[in-house]
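So the sequences go chain by chain: A and B. First residue of the first sequence: 10, per my numbering; consecutive thereafter. First residue of the second sequence: 16, per my numbering; consecutive thereafter. By construction, the Cβ of each residue, glycine as well, lies at the ideal position given by its N, Cα and C atoms.
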Amino acid sequence: MNPDDPDGELVRRVGEGDVHAAEALVARKLPRMTALAHRLLGDRTEAEDVVQEVFLRVWKSAASWRPGAAKFDTWMHRVAFNLCTDRLRKRREVALPETWDAPDPAPLADAEISAEQQSDAVGRALASLAPRQREAIVLTYYQELPNREAAALMGIGVDALESLLARGRRALKARLEEADE
Amino acid sequence: MSRMDLNRFETLVAAYGATPSRWPEEERDAAEAFARDHPRAGALLAEADSIDALLFAHKAAEPSATLRAMVIEGAPRKRRLAGRAKLWWSGLALAMAGASGMLAGSAASAALEPISANVQMYAHEDVPALDYSAEENVL
């Protein structure tokens, strides 16, 4: 067992069929995986489908889980990330929803905008970003992965990740300003 | 400490934002020192901070109770060892009862036919825990 992996012991117990350990792992990872899938896909139903699939794979793999270089959380991110990007690829192959790239015209900074409205506006701006920019921002800012892990997940170098992050941040700000005008 | 100049600081802040804890660990000390000393750092950080605030205004979707229940439902579970153990103990109890009955019968025979007692003793000497000569077993 990798002593540096904060999830290692829990996963070992899950592999032994300890349902309390499974519940603890779900409590620890479900919000994180749901947030990741929802932000990448921009669709709650699809995100929940992905999360179910991620946990099915966790349950199947727990008994034989042998940590190598990657931590369990990183492995889960890889599974979820690949499932999301597969869905996004299929979505692009079929047809891009008309609204996908269009920033919502709803104003953002009008006098007293509620936190919920602001969250929705940022969510729409996030969904309107180029997919790779969105992936970089979601992994780095919301999932808080170290830059090397985020870059490795995306199959790019750290320099390319930094470029995507910078362009994504600028684009996000521009979309929100457009929406605000 | 790694080397930091204005160009790298701009890149760092444009990518990772204004919060030092998000900066790459190996460059954090140098970047923080640069931020303290360089006159342009403040403006760059303020610009980045405004974008950070926008980003973190987004609240993540919470998993529904239904999703949580469905996920947990699929978790691996230990086999019902308690039930199996109960069955095993019942079998053992039955076997013991059978053995007691056999021994009781043997002891009764021994009591009725003292001459064959030694033969019965040899036949059951592999069951030392049972005192088959006791009254309750004989009767």
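Going by beta-carbon coordinates alone, are A:Pro40 and B:Ala75 separated by less than 9 Å? yes
Taking 8 Å as the cut-off, does the region 82 to 94 of chain B touch the region 27 to 47 of chain A (at least 3 CB pairs, one atom from each stretch)? yes
If the cut is a Cβ gap below 8 Å, which residues of chain A does B:Ala50 touch? Neighbours of B:Ala50 on chain A: none; closest Cβ ~18 Å, over 8 Å.
With distances taken between CB atoms, is the gap from A:Ala145 to A:Leu174 smaller than 9 Å? yes
Let me know the secondary structure DSSP gives B:Asp39 once reduced to three states. It is worth fixing the name first, because residue 39 of chain B is Pro in this sequence and not Asp. It is coil, neither helix nor strand.
Simplified DSSP assignment, three categories, for B:Ile66: helix
Strictly below 9 Å CB to CB, what residues from chain A border B:Met19? Simply none; closest approach about 15 Å.
Starting from A:Ser73, trace the alpha helix (DSSP H) in both directions and tell me its first and last residue. Careful: A:Ser73 lies outside any alpha helix (DSSP H) and carries neither H nor E.
Between the CA atoms of B:Arg92 and A:Arg178 - distance to the nearest angstrom: 45 Å
Can you find a CB in chain B that lies within less than 9 Å of the CB of A:Asp27? yes
How should A:Leu138 be labelled, buried or exposed, when 16 other C-beta atoms within 10 angstroms of its C-beta is the threshold for buried? buried
Unbroken alpha helix (DSSP H) run spanning A:Thr83, endpoints: 81 to 103
Taking buried to mean at least 16 other C-beta atoms within 10 Å of its own C-beta, is A:Gly164 buried or exposed? exposed
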